[in-house]
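Enquirer: This is the structure I have questions about; it appears just below.
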Amino acid sequence: MMQRLLSVLILLAAIWWISQRPMGWMTLYPRVWGSQLAGRFASLPLPRLLREPALGLFVSHYQVNLSEAEKNLIEYSSLQDFFTRKLKPGLRLQEAPAPGYLNSPVDGTILSEGRIHQGALFQAKGKTYALGELLLNESDLTVFEGGSFMTIYLAPYNYHRFHMPCEAHVTSLRALDGDLWPVNDKAVNHVDQLYVKNKRSILRLKTAEGLEIALVFVGATHVGHIRILPEWQQASDRQTKAGDEIGQFEFGSTVVVLIGGSGAPRWKAVKKSGIIKVGQRLGARSEQENN
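For reference, each letter of the sequence shown is one residue, going 150 to 440 in the numbering used here.
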């Protein structure tokens with residue numbers, strides 16, 4: 150009897166301890182395995198009769214803007230098909246080129262923006278992370294020192310395809326394995342080194358105006374895949390233009406944009422927070438060098 154009582158007390162203590170942790174049960178959740186399972190489930194074909202009611206629940210819960218979707222709800226064969234939907238033509242026009250410009254590669258919310266100082270980037274109040282760990286095994290990190298970074302979060306209701314931010318040469322693409330913590334506000338504020346811990350893909354670009362850019366596509370819980378289009382997977386010094394599609398997330402996630410190179414000291418963000426959409430201006434060259 151006493152042994153059973155002790156077991157119950159230990160169990161209750163463990164439940165209480167977990168509930169007091171900032172990330173609660175997510176600390177025990179099998180994030181990678183669970184994300185793979187969720188991805189398979191989301192890709193299951195839906196009978197035509199169930200598409201509107203089933204997908205309608207997702208639309209209603211996350212307040213998705215259906216008016217922008219390329220197709221009618223009944224035409225999407227699965228939740229994944231709907232989640233990675235294309236938009237109607239002409240909805241995400243690129244702002245006109247300007248000296249040193251970068252347009253947003255995604256629809257989302259700018260969470261943070263700032264300068265890269267001594268190889269550190271801001272994550273949240275009281276939390277930073279190292280550039281060298283984010284770009285693991287990069288040979289030359291000095292090109293980003295004194296440059297800028299911007300972190301853009303994609304919520305489940307957002308458009309989840311990502312695009313080239315400017316005219317540039319693609320120099321490399323790498324995929325880094327990792328965990329799959331959530332990347333929502335709660336995780337950003339409570340999980341140390343969040344973007345360093347998670348699975349990510351890194352696309353490197355160079356512009357004719359001396360900018361070196363890294364687009365870091367960060368995975369998250371239930372983002373089983375970061376899909377890059379085949380034409381970029383073997384890309385080396387390939388020319389691209391603003392708006393070219395790169396790939397897609399298969400659930401809400403984050404992009405960290407890094408701006409370095411000889412042109413970086415004069416690059417200035419024109420939008421530092423709030424909602425941003427593909428093609429809208431992130432920043433451009435300023436007449437004065439940033440400090």
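Each residue gets a CB set at the ideal place from its N, CA and C atoms; glycine is no exception.
Mind the definition here: the segment 415-434 touches the segment 240-249 only if three or more C-beta pairs lie below 8 Å; say whether that holds.
Expert: Yes, the segment 415-434 is in contact with the segment 240-249.
Enquirer: Using 10 angstroms around the beta-carbon of H371, count the other beta-carbons present and answer buried if the total reaches 16, otherwise exposed.
Expert: Translated into positions along the sequence shown, residue 371 becomes position 222. So H371 ends up on the buried side.
Enquirer: Taking 8 Å as the cut-off, does the segment 182-192 touch the segment 220-239 (at least 3 CB pairs, one atom from each stretch)?
Expert: Yes: the two stretches touch, three or more of their Cβ pairs being nearer than 8 Å.
Enquirer: In chain order, which continuous runs of the alpha helix (DSSP H) of length 4 or greater are located wholly inside the segment 284-356?
Expert: For the segment 284-356, whole alpha helix (DSSP H) runs of length 4 or above, ordered along the chain, are 334-339, 343-346.
Enquirer: My assumption, with CB atoms under 8 Å, is that V340 sits in contact with L303. Please give the rounded CB distance.
Expert: To locate residue 340, count along the sequence shown from 1; it is residue 191. To locate residue 303, count along the sequence shown from 1; it is residue 154. Not really, about 17 Å apart at Cβ, beyond 8 Å.
Enquirer: For D326, tell me which candidate among P314, K355, N347, D334 has the shortest Cα-Cα distance.
Expert: Residue mapping note: residue 326 aligns to position 177 of the sequence shown, counting from 1. For D326, the nearest C-alpha among the options comes from N347.
Enquirer: Suppose the cutoff is 7 Å on Cβ atoms and the five residues either side in sequence are ignored; what does the same chain contact list for V157 look like?
Expert: As a working mapping, residue 157 is identified with position 8 in the sequence shown. Residue placement at V157 is poorly supported in this model, since its pLDDT is 44, which falls under 50; the coordinates still yield a value, given next. Taken in chain order, the list of residues that qualify is empty.
Enquirer: Given that a residue counts as buried once 16 or more other Cβ atoms are within 10 Å of its Cβ, and exposed if not, what is G275?
Expert: The count along the sequence shown starts at 1 and reaches residue 275 at position 126. With fewer than 16 Cβ atoms within 10 Å of its Cβ, G275 is classed as exposed.
Enquirer: Could you give the residue range of the beta strand (DSSP E) that holds L260?
Expert: Stepping through the sequence shown from its first residue, residue 260 is reached at position 111. Here the beta strand (DSSP E) through L260 covers 257-264.
Enquirer: Alpha carbon to alpha carbon, how far is I259 from I301?
Expert: Start at 1 with the first residue of the sequence shown, and residue 259 comes out as number 110. Start at 1 with the first residue of the sequence shown, and residue 301 comes out as number 152. Cα to Cα, I259 sits roughly 4 Å from I301.
Enquirer: Quick check on G359: does DSSP put it in helix, strand or coil?
Expert: As a working note, residue 359 is residue 210 in the sequence shown. Here G359 sits in coil by DSSP.
Enquirer: Report buried or exposed for A187, applying the criterion of at least 16 other Cβ atoms within 10 angstroms of its Cβ.
Expert: As a position in the sequence shown, residue 187 is number 38, starting the count at 1. By the neighbour-count rule (16 or more Cβ atoms within 10 Å), A187 is buried.
Enquirer: Tell me the rounded alpha-carbon separation between I223 and E394.
Expert: Within the sequence shown, numbered from 1, the residue matching residue 223 stands at position 74. Within the sequence shown, numbered from 1, the residue matching residue 394 stands at position 245. Cα to Cα, the separation comes out at about 25 Å.
Enquirer: Looking only at DSSP bridge pairs, what is Q388 linked to?
Expert: Translated into the one-based positions of the sequence shown, residue 388 becomes position 239. Answer is H318.
Enquirer: Would you decide whether N214 is buried or exposed? Buried here means 16 or more other CB atoms lie within 10 Å of its CB.
Expert: Numbered from 1 along the sequence shown, position 65 holds the residue referred to as residue 214. Under this definition N214 is an exposed residue.
Enquirer: Straight-line CA distance for L199 to V404?
Expert: As a working mapping, residue 199 is identified with position 50 in the sequence shown. As a working mapping, residue 404 is identified with position 255 in the sequence shown. Cα to Cα, the separation comes out at about 33 Å.
Enquirer: Let me know the secondary structure DSSP gives F231 once reduced to three states.
Expert: Taking the first residue of the sequence shown as 1, we reach residue 231 at position 82. Three-state DSSP puts F231 in a helix.
Enquirer: Keeping to the same chain, check which residues put their C-beta closer than 8 Å to that of E217; ignore five residues upstream and five downstream.
Expert: Walking along the sequence shown from the start, residue 217 turns up at place 68. If we look at E217 and ignore the five residues flanking it on each side, its Cβ neighbours are L236, K237, L240, Y308.
Enquirer: How about Q382 and L322: do their beta carbons lie closer than 8 Å?
Expert: Translated into positions along the sequence shown, residue 382 becomes position 233. Translated into positions along the sequence shown, residue 322 becomes position 173. Yes, Cβ-Cβ distance for Q382 and L322 is below 8 Å.
Enquirer: Could you spell out the range, first to last residue, of the alpha helix (DSSP H) harbouring Q185?
Expert: As a first step, residue 185 is located in the sequence shown; it is residue number 36 there, counting from the start. Unbroken alpha helix (DSSP H) run through Q185: 180-191.
Enquirer: Along the chain, where does the alpha helix (DSSP H) that runs through V208 open and close?
Expert: Against the sequence shown, residue 208 aligns to sequence position 59. Its alpha helix (DSSP H) spans residues 197-211.
Enquirer: Can you find at least 3 beta carbon pairs, one from the segment 386-400 and one from the segment 280-295, that sit closer than 8 Å?
Expert: With a cut-off of 8 Å, the segment 280-295 and the segment 386-400 do not count as touching, because too few Cβ pairs lie within range.
Enquirer: Should S350 be labelled buried (16 or more other beta-carbon atoms within 10 Å of its own) or exposed?
Expert: Against the sequence shown, residue 350 aligns to sequence position 201. So S350 counts as buried.
Enquirer: What is the DSSP secondary structure of E399, reduced to helix, strand or coil?
Expert: Numbered from its first residue, the sequence shown carries residue 399 at position 250. Looking at E399 - three-state DSSP - the assignment turns out to be coil, as it is neither helix nor strand.
Enquirer: Below 8 Å between beta carbons: does that hold for I425 and G296?
Expert: Here residue 425 refers to the residue found at position 276 of the sequence shown. Here residue 296 refers to the residue found at position 147 of the sequence shown. It is not a contact, given that the beta carbons lie outside the stated cut-off.
Enquirer: Using the rule of at least 16 other Cβ atoms within 10 Å of the residue's Cβ for burial, across every protein chain shown, is P179 buried or exposed?
Expert: Sequence index remark: in the sequence shown, residue 179 carries index 30 (1-based). P179 should be labelled exposed.
Enquirer: Could you tell me the distance, in whole angstroms, from the CA atom of L160 to the CA atom of V345?
Expert: Position 11 of the sequence shown, counting from 1, holds the residue named residue 160. Position 196 of the sequence shown, counting from 1, holds the residue named residue 345. Only weak support exists for where L160 lies, its pLDDT of 46 falling under 50; the value from the coordinates is given anyway. Taking the straight line joining both Cα atoms gives about 33 Å.
Enquirer: Can you name the start and end residues of the alpha helix (DSSP H) that Q272 belongs to?
Expert: By one-based count along the sequence shown, residue 272 stands at place 123. Run containing Q272: none in the alpha helix (DSSP H); it sits in the beta strand (DSSP E), 269-273.
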